[in-house]
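Below is one structure; the comments refer to it alone.
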Amino acid sequence: MTVSTPMPARTRLAETVGALAADPGAWVRRVRLSPDGRWYERLHRDEDHEIWLISWLPGQATGLHDHGGSRGAFAVALGDLEERDLGGARQVAAGQTREFGPEYVHEVRNTSTAPAVSIHVYSPPLAEMNRYDLTESGLVRLAVERADQW
Numbered sequence: 003m004t005v006s007t008p009m010p011a012r013t014r015l016a017e018t019v020g021a022l023a024a025d026p027g028a029w030v031r032r033v034r035l036s037p038d039g040r041w042y043e044r045l046h047r048d049e050d051h052e053i054w055l056i057s058w059l060p061g062q063a064t065g066l067h068d069h070g071g072s073r074g075a076f077a078v079a080l081g082d083l084e085e086r087d088l089g090g091a092r093q094v095a096a097g098q099t100r101e102f103g104p105e106y107v108h109e110v111r112n113t114s115t116a117p118a119v120s121i122h123v124y125s126p127p128l129a130e131m132n133r134y135d136l137t138e139s140g141l142v143r144l145a146v147e148r149a150d151q152w
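Going by my numbering, the sequence shown opens with residue 3, and the numbers climb by one from there.
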């Protein structure tokens, strides 16, 4: 008898966005660029997870935030992004995936001179996100955004 073990949620999420990012035919015609801020569109939502497509012009950023208790992953599909967390900053190039747990705080930004596109997945679907500032005393929560605000 063969018993299959479910894949850990974080690994499954990273594989999902990695596969989708590698298949531009599934999303490239939906991408829009906005000089007013990051453009985003939800591609999928069910009880288990949701998937977002985001485009970034040079200089656009998320600001420090968490995902309200959801696990997640993102893959850069086109271009390059920089991710900064409390441990430092790293470049994330096209084809690379980052994954994170429910307590993760980070910022993503386009520090390049060209547009970028990324795919993001969250499980469970986002209910809220907390926005932060990093001060000498540590993280200070600035705001809570709820899903009905997106």
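We put the CB at the ideal spot given by N, CA and C, even for glycine.
Is DSSP giving Glu101 helix, strand or coil here?
Against the sequence shown, residue 101 aligns to sequence position 99. Correct three-state label for Glu101: strand.
Among the residues of its own chain, which have a CB less than 8 Å from the CB of Pro37, if the five just before and after it don't count?
Walking along the sequence shown from the start, residue 37 turns up at place 35. So the qualifying residues of the chain are Leu59.
By the DSSP assignment, the beta strand (DSSP E) with Trp54 in it spans what residues?
Start at 1 with the first residue of the sequence shown, and residue 54 comes out as number 52. That run of the beta strand (DSSP E) goes Glu52 to Trp58.
May I ask you to check if the CB of Gly65 is nearer than 7 Å to at least one heavy atom of the ligand FMN?
Of ligands this structure carries none, so the ligand FMN is not represented either.
Going by C-alpha to C-alpha distance, which of Asp50, Ala116, Asp87 and Glu43 sits closest to Gln62?
As a first step, residue 62 must be located in the sequence shown, where it is residue number 60. It is Ala116.
Note down the Cα distance separating Glu138 from Leu128, rounded to an integer number of angstroms.
Position 136 of the sequence shown holds residue 138. Position 126 of the sequence shown holds residue 128. Each residue's alpha carbon lies about 29 Å from the other.
Below 7 Å CB to CB, which residues in the same chain sit around Glu147 once its five sequence neighbours on both sides are set aside?
Start at 1 with the first residue of the sequence shown, and residue 147 comes out as number 145. Correct list, in chain order: Glu130, Met131 and Arg133.
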